[in-house]
């Protein structure tokens with residue numbers, strides 16, 4: 001059979017039926033498909049799972065999960081049983097989950113089936129993300145999974161991004177929290193946090209403690225030794241000794257003629 005006349009999508013579909021990898025250019029796909037056909041698929045029994053993306057609910061039906069969400073009781077044993085079918089280790093996926101490669105996890109329930117959607121960042125590229133989908137039954141059986149990366153095509157994806165999503169679901173089920181990547185504005189800065197709230201009874205402003213003792217403001221530019229009542233009396237005597245009507249004289253309060261004997265002293 002001449003595979004060179006087939007399109008890339010047709011080649012990948014034939015390779016998917018035989019459980020072969022789907023990465024590479026067209027020439028590599030043709031060589032791989034030819035090798036699988038000539039070697040009877042290398043005696044690999046392939047379970048032709050349907051593509052999960054064909055049965056997914058609409059995006060608006062997915063909701064963010066939290067500690068109060070109804071979720072299947074999935075454990076790490078279920079994850080290990082799923083990955084062991086493909087002889088896949090969880091080391092890289094577990095390290096990525098702890099390093100906060102998971103952006104969010106959302107869920108949609110249909111009858112007894114749970115559909116999970118997660119956004120996982122690529123390991124080698126900072127600005128690349130993959131949408132990951134997982135189908136889990138009410139008995140915590142992982143039926144199908146799909147990832148947008150090259151290794152996660154089909155209905156039985158077992159790439160590291162799928163493992164990251166499964167670990168996030170498992171932690172939410174058993175611990176009520178999940179490790180997610182946080183935005184730069186998601187955590188409040190320390191110098192913007194409010195101070196401790198005062199829980200006591202209200203106080204009047206006059207009763208508040210002052211940090212420094214209150215000293216009246218002194219506008220007199222003279223040295224302290226020249227300030228006081230002596231200078232004022234001297235000024236009054238000086239003004240009384242002259243008949244001049246200088247403007248400064250009008251600033252003084254007129255004397256009390258009845259109490260002048262008790263209020264004023266002459267020197």
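Residue numbers (full-length UniProt numbering): 1 to 267. Glycine included, C-beta positions come from ideal geometry on N, C-alpha and C. Note that the coordinates shown come from a computational prediction; the quantities given were computed from them, not determined experimentally.
Grouping DSSP H, G and I as helix and E and B as strand, with all else coil, what is residue 102? strand
Span separating the alpha-carbon of residue 145 from that of residue 2: 32 Å
Between the C-alpha atoms of residue 36 and residue 143, what's the straight-line distance to the nearest angstrom? 26 Å
Taking Cβ to Cβ, would you say residue 149 is nearer than 8 Å to residue 125? no
Hey, quick one: how far does the beta strand (DSSP E) through residue 136 stretch, first residue to last? 129 to 137
Can you tell which of 202, 74, 56 has its C-alpha closest to the C-alpha of residue 175? 74
In the DSSP assignment, find the beta strand (DSSP E) that holds residue 113 and state where it starts and stops. 113 to 121
Give a yes or no on contact between the stretch 147 to 161 and the stretch 20 to 30, applying the rule of three or more CB pairs nearer than 8 Å. yes
Residue 56: which of 208, 117, 79 sits nearest, CA to CA? 117
Could you have a look at residue 146 and say whether DSSP puts it in helix, strand or coil? strand
Considering only residues of the same chain and omitting the five flanking positions on each side of residue 78, which have a CB-CB separation below 6 Å? 140
Considering only C-alpha positions, which residue in the set 200, 183, 167 is nearest to residue 97? 167
Could you name the residues that DSSP lists as bridge partners for residue 64? 106
Using the three-state DSSP reduction, which class does residue 84 fall into: helix, strand or coil? helix
Restricting to Cα atoms, I'd like to know which of 7, 107, 261 is closest to residue 63. 107
To the nearest angstrom, report how far apart residue 4 and residue 15 are at their CA atoms. 14 Å
Reference residue 132, options 207, 104, 27, closest by Cα: 104
Just confirm the distance between the C-beta atoms of residue 179 and residue 100, as a whole number of angstroms; I'd bet it's less than 8 Å. 6 Å
Got a sec? Which residues, its chain only, sit under 7 Å from residue 85 by beta carbon, not counting five neighbours each side? none
In the DSSP assignment, find the unbroken alpha helix (DSSP H) run with residue 38 in it and report its ends. 26 to 38
Residue 170 to residue 76, Cα distance in whole Å? 7 Å
Mark residue 81 as exposed unless 16 or more other C-beta atoms lie within 10 angstroms of its C-beta, in which case mark it buried. exposed
At a Cβ threshold of 8 Å, is residue 7 touching chain C? The structure shown contains no chain C; it is built from a single protein chain.
Based on DSSP bridge pairs, tell me the residues matched to residue 156. 145
Alpha-carbon to alpha-carbon, residue 256 and residue 239: 16 Å
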